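Protein chains in written order, with our numbering: chain A, 1 to 289; chain B, 1 to 406.
All remarks here apply to the structure that follows.
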Ligand SMILES: Nc1ncnc2c1ncn2[C@@H]1O[C@H](COP(=O)(O)OP(=O)(O)OP(=O)(O)O)[C@@H](O)[C@H]1O
Ligand SMILES: [Mg+2]
């Protein structure tokens, strides 16, 4: 690792085109947002060029906005945890399976990406709704007297988030599992490990980079998405991205929307940075022992 | 698992008292099925009709093999001949399609891998990258309920054994390939395995390291009297290390014997061709002589006398085999006196190509009738040149005969 830090200019020259693209497509727009966040919005609705922190102080004025931010983090963490549990198992299954249809199965995991995210999210209404599939079956079977309210709560939001993010987790874990040298497991087994012990000693720790990458990805994506809370959540389930969406698209308040975006960016950035710093892959390994 | 008493098991000299009062029932059962060996000790490993089929391909044909305690046996053969498959079946990583595996007289077909008490060495070292060297070497001990104190002691002994003391705290990635393989060796021997299984352990190393590592393994194997099964496709490794070589081809055992045996007295064309550089000629037996020699002809006027190993009759079609290293090549003027003393297998020829390799030189010589030979000879004074007229002499004991296969 240390050697890489002293690398010459060559890698940078090779990276230049992609760095350029990232700069144009990512850094520049973010700069615009940052600049916007200092502007002033006149009561007339016009944006006035300015440099002031009114948008930020408005966010922290009372507990309303910060509480949405906290909820976003909490729900995202719940989502990460659930994706982890629900993702590791199928990823491990794919990794161990000797079927010739492995690539087909992988394709099936990615299949949801081919369908519009909105459609996929909306379809949950038909499953969880009062007249949806589950309630219909339960009621007509006589198990329930009246439909169960499964929509417009945090559970439904989580459901929507998971169906969107689970493939990312599975793929990340799967890739790191696939990278594990099979002879390591065989070595462990030959030295006296049962299959389960070999999993704990070898497979699990060596798949942690994938777990870690997948978790980070899921967290970041979850913290920035607005569709599941909007479609499947109730009034109390808004997440920060919904707020931004409402400000920018709803009331056309670009300066305030931008300020919230910057706050979200800083928060997620800090979390990612901390994560890398203190929960980096080496750290995770050490924690295992 | 058998309770193993470490030091006794390791340091005991090879010849041992017969196990008359073997404790477990399995041993006596196995002993009953092999009455001939009842006098000596149970062999460390015994394969009986072991066979493996993957789908339609038969990776290993029914194979019998015995490895005595403390022996190093090498499976040698070209790629895909089933060496790894045999090793993996012994390790428990593949299930035999047919046949039995006995370790110390106990049938272990149904013993799961982790209870077989075997040491394995892999081509790619297979050290745990997320564990320190200490944790790597101590790994097997952890699953054998060895106390902390004892573990520390055994690990440091094992590391000393492979001449890498004091690296406990490092991680595998901080060691060179050769060092990593030595750690792997330490990790395998620290559990005092019944059998050490090595699958091409040297092939990831460069030439010089390989030599060094080969001696290291040889040394440790002898010191600990470790029963070892060594898989390789490198004949030099096989010839230099083994007590016994098993040459394989297409999942079938071709020959089994000491390195000298398989090299000097190959059983068939494949073995003769696979080991070393040999010249093959289609020949016909002219005469079986009284003095245990056979006279064969490979072309009009080109007749050789071979030592009589095997059973030959006149008129039989055979292969005449001459190892490239065993043919003497001299200048005609120096050869005269030799001619008088031997008279046998002595022919003039002309060098049409050669390649100089420092210590030795390959000559390609053409005799009468366009018969061509490859000769490898130590360079003594001055190597012969292309176009030189030379005289060849092949001692009768280095002329081998093999039956011609249809
Ligand atoms: N898991 C498997 N599934 C199907 N076929 C296999 C499997 N393992 C080995 N084989 C086949 O069995 C035969 C023997 O393979 P094996 O690996 O034992 O050869 P080898 O002698 O070790 O060769 P190499 O020197 O290349 O390592 C080969 O034809 C191989 O293709
Ligand atoms: Mg192999």
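Cβ coordinates follow ideal geometry from the N, Cα and C atoms, glycine included.
Predicted model only: the values in this text are computed from it and were never measured.
- Name the chain B residues whose beta carbon is nearer than 7 angstroms to that of residue 189 of chain A? Mapped onto the first chain, residue 189 of chain A falls at position 189. Correct list: 113 and 114.
- Message: Going by the DSSP bridge assignment, what does residue 249 of chain B pair with across the sheet?
- Response: Reading the second chain from its first residue, position 249 is the one you call residue 249 of chain B. Paired residue(s): B/252.
- Inspect the beta-carbon positions of residue 254 of chain A and residue 56 of chain A and report whether they are closer than 9 angstroms. The residue given as residue 254 of chain A occupies position 254 in the first chain. The residue given as residue 56 of chain A occupies position 56 in the first chain. No, they are not a contact pair.
- Query: What are the residues of the stretch 159–190 of chain A that lie near chain B, defined by any Cβ-Cβ distance shorter than 8 angstroms?
  - Reply: 181, 183, 184, 186, 187, 188, 189 and 190
- Task: Please decide whether residue 201 of chain A counts as near chain B, where near means a Cβ-Cβ distance under 9 angstroms.
- Result: As a position in the first chain, residue 201 of chain A is number 201, starting the count at 1. Output row for residue 201 of chain A: interface = yes.
- Item | Whole-angstrom distance between residue 267 of chain A and residue 33 of chain A, CA atom to CA atom | Start at 1 with the first residue of the first chain, and residue 33 of chain A comes out as number 33. Start at 1 with the first residue of the first chain, and residue 267 of chain A comes out as number 267. For residue 33 of chain A and residue 267 of chain A, the distance between alpha carbons rounds to 15 angstroms.
- Note down, in chain order, every chain B residue with its Cβ under 7 angstroms from the Cβ of residue 192 of chain A. Here residue 192 of chain A corresponds to residue number 192 of the first chain, with the count starting at 1. Near residue 192 of chain A (Cβ distances below 7 angstroms), the residues of chain B are 114, 140, 143 and 144.
- Item | Coarse secondary structure for residue 281 of chain B, derived from DSSP in three states | Within the second chain, the letter at position 281 stands for residue 281 of chain B. Residue 281 of chain B falls in the strand class under three-state DSSP.
- Query: Whose C-beta lies closer than 6 angstroms to the C-beta of residue 17 of chain B among residues of the same chain, with five residues either side of it excluded?
  - Reply: Within the second chain, numbered from 1, the residue matching residue 17 of chain B stands at position 17. Caution applies to residue 17 of chain B, whose pLDDT of 39 falls short of 50 and renders its modelled position unreliable; the value that the coordinates give is listed next. So no residue of the chain qualifies.
- Item | Rounded straight-line distance, which links the Cα of residue 171 of chain B to that of residue 129 of chain B | Position 129 of the second chain, counting from 1, holds the residue named residue 129 of chain B. Position 171 of the second chain, counting from 1, holds the residue named residue 171 of chain B. Straight-line Cα distance between these residues: approximately 7 angstroms.
- Query: Beta carbon of residue 98 of chain B: closer than 8 angstroms to some heavy atom of ligand 1?
  - Reply: One-based indexing of the second chain puts residue 98 of chain B at position 98. Flag unset: Cβ of residue 98 of chain B not near ligand 1.
- Would you mind giving the Cβ-Cβ distance between residue 183 of chain A and residue 113 of chain B, rounded to the nearest angstrom? I have them listed as a contact below 8 angstroms. Looking up residue 183 of chain A in the first chain gives position 183. Looking up residue 113 of chain B in the second chain gives position 113. Contact flag wrong, Cβ pair sits at about 13 angstroms.
- Roughly how many angstroms lie between the CA atoms of residue 261 of chain B and residue 109 of chain B, to the nearest whole one? The residue given as residue 261 of chain B occupies position 261 in the second chain. The residue given as residue 109 of chain B occupies position 109 in the second chain. Those two C-alpha atoms are separated by around 32 angstroms.
- Got a list of residues with beta-carbon closer than 5 angstroms to any non-hydrogen atom of ligand 1, in chain order? B/54, B/59, B/79, B/80, B/81, B/82, B/83, B/84, B/85 and B/233
- So, are the CB atoms of residue 249 of chain B and residue 258 of chain B less than 9 angstroms apart? Residue 249 of chain B sits at position 249 when you count from the first residue of the second chain. Residue 258 of chain B sits at position 258 when you count from the first residue of the second chain. No, Cβ-Cβ distance for residue 249 of chain B and residue 258 of chain B is not below 9 angstroms.
- Simplified DSSP assignment, three categories, for residue 294 of chain B: If you number the second chain from 1, residue 294 of chain B lands on position 294. Of the three classes helix, strand and coil, the one that applies to residue 294 of chain B here is strand, per DSSP.
- Message: For a test of your reading of the model: does the CB of residue 388 of chain B fall under 8 angstroms from any non-hydrogen atom of ligand 2? Yes or no.
- Response: One-based indexing of the second chain puts residue 388 of chain B at position 388. Incorrect: residue 388 of chain B has no Cβ contact closer than 8 angstroms to ligand 2.
- Task: Run down chain B in chain order and give the residues with a C-beta less than 8 angstroms from the C-beta of residue 206 of chain A.
- Result: Within the first chain, the letter at position 206 stands for residue 206 of chain A. Within 8 angstroms Cβ-Cβ: 129 and 130.
- Task: Kindly list, in the order they appear in chain A, the residues whose Cβ is closer than 9 angstroms to that of residue 134 of chain B.
- Result: Looking up residue 134 of chain B in the second chain gives position 134. Here the premise fails: no neighbours, minimum Cβ distance about 11 angstroms.
- Query: Starting from residue 354 of chain B and walking both ways along the beta strand (DSSP E), at which residues does that stretch end?
  - Reply: Locating residue 354 of chain B in the second chain gives position 354, where the first residue counts as 1. First-last of the beta strand (DSSP E) with residue 354 of chain B: 346–356.
- Item | Other residues of its chain near residue 348 of chain B: CB distance less than 6 angstroms, five sequence neighbours each side excluded | By 1-based counting over the second chain, the position of residue 348 of chain B is 348. Same-chain partners within the cutoff: 391.
- Say whether the stretch 149–168 of chain A touches the stretch 77–95 of chain A, bearing in mind that this needs 3 or more beta-carbon pairs closer than 8 angstroms, one atom from each stretch. yes
- Message: Quick check on residue 6 of chain B: buried or exposed, where buried means 16 or more other Cβ atoms within 10 Å of its Cβ?
- Response: For this step, residue 6 of chain B is matched to residue 6 along the second chain. Note that residue 6 of chain B has pLDDT 38, beneath the 50 cutoff, so the model's placement of it is unreliable and the number below is only indicative. Looking at its Cβ environment, which holds fewer than 16 other Cβ atoms inside 10 Å, residue 6 of chain B is exposed.
- Item | Euclidean distance between Cα positions of residue 200 of chain B and residue 114 of chain A | For the purposes of this step, residue 200 of chain B is taken as the residue at position 200 of the second chain. For the purposes of this step, residue 114 of chain A is taken as the residue at position 114 of the first chain. The alpha-carbon atoms of residue 200 of chain B and residue 114 of chain A are separated by roughly 47 angstroms.
- Task: Assign residue 57 of chain B to one of three DSSP states: helix, strand, or coil.
- Result: The residue labelled residue 57 of chain B in the question sits at position 57 within the second chain. Looking at residue 57 of chain B - three-state DSSP - the assignment turns out to be strand.
- Message: Let me check you understand the geometry: is the CB of residue 282 of chain B closer than 8 angstroms to at least one non-hydrogen atom of ligand 2?
- Response: Numbered from 1 along the second chain, position 282 holds the residue referred to as residue 282 of chain B. Flag unset: Cβ of residue 282 of chain B not near ligand 2.
- Give, in chain order, every residue of the stretch 180–207 of chain B whose Cβ lies closer than 7 angstroms to some Cβ of chain A. 191
- Item | Own chain partners of residue 47 of chain B with C-beta closer than 7 angstroms, once the 5 adjacent residues on each side are dropped | To locate residue 47 of chain B, count along the second chain from 1; it is residue 47. Around residue 47 of chain B: 63, 64, 65, 99 and 101.
- Item | Chain-ordered residues of the stretch 144–167 of chain B with a beta carbon less than 7 angstroms from chain A | 144
- Query: Along chain A, in chain order, which residues have C-beta atoms closer than 9 angstroms to that of residue 268 of chain B?
  - Reply: Counting from one through the second chain, the residue named residue 268 of chain B turns up at place 268. Here the premise fails: no neighbours, minimum Cβ distance about 34 angstroms.
- Message: Please classify residue 249 of chain A as buried or exposed, where buried requires at least 16 neighbouring CB atoms within 10 angstroms.
- Response: Translated into positions along the first chain, residue 249 of chain A becomes position 249. Burial call: exposed.
- Task: Could you say which of B/384, B/263 and B/401 lies nearest to residue 309 of chain B if we only look at CA atoms?
- Result: Along the second chain, read from residue 1 onward, the residue named residue 309 of chain B stands at position 309. Of the listed residues, the one whose Cα sits closest to residue 309 of chain B is B/401.
- Query: Where are the alpha helix (DSSP H) runs, 4 residues long or more, that stay fully inside the stretch 173–239 of chain A, in chain order?
  - Reply: 182–190, 195–198, 204–223 and 227–232
- Item | Extent of the continuous alpha helix (DSSP H) to which residue 76 of chain A belongs | Residue numbering aside, residue 76 of chain A sits at position 76 when the first chain is read from its first letter. Here the alpha helix (DSSP H) through residue 76 of chain A covers 64–96.
- Consider the Cβ of residue 175 of chain B: report whether some Cβ of chain A lies at a distance smaller than 9 angstroms. Walking along the second chain from the start, residue 175 of chain B turns up at place 175. Chain A contact via Cβ: absent.
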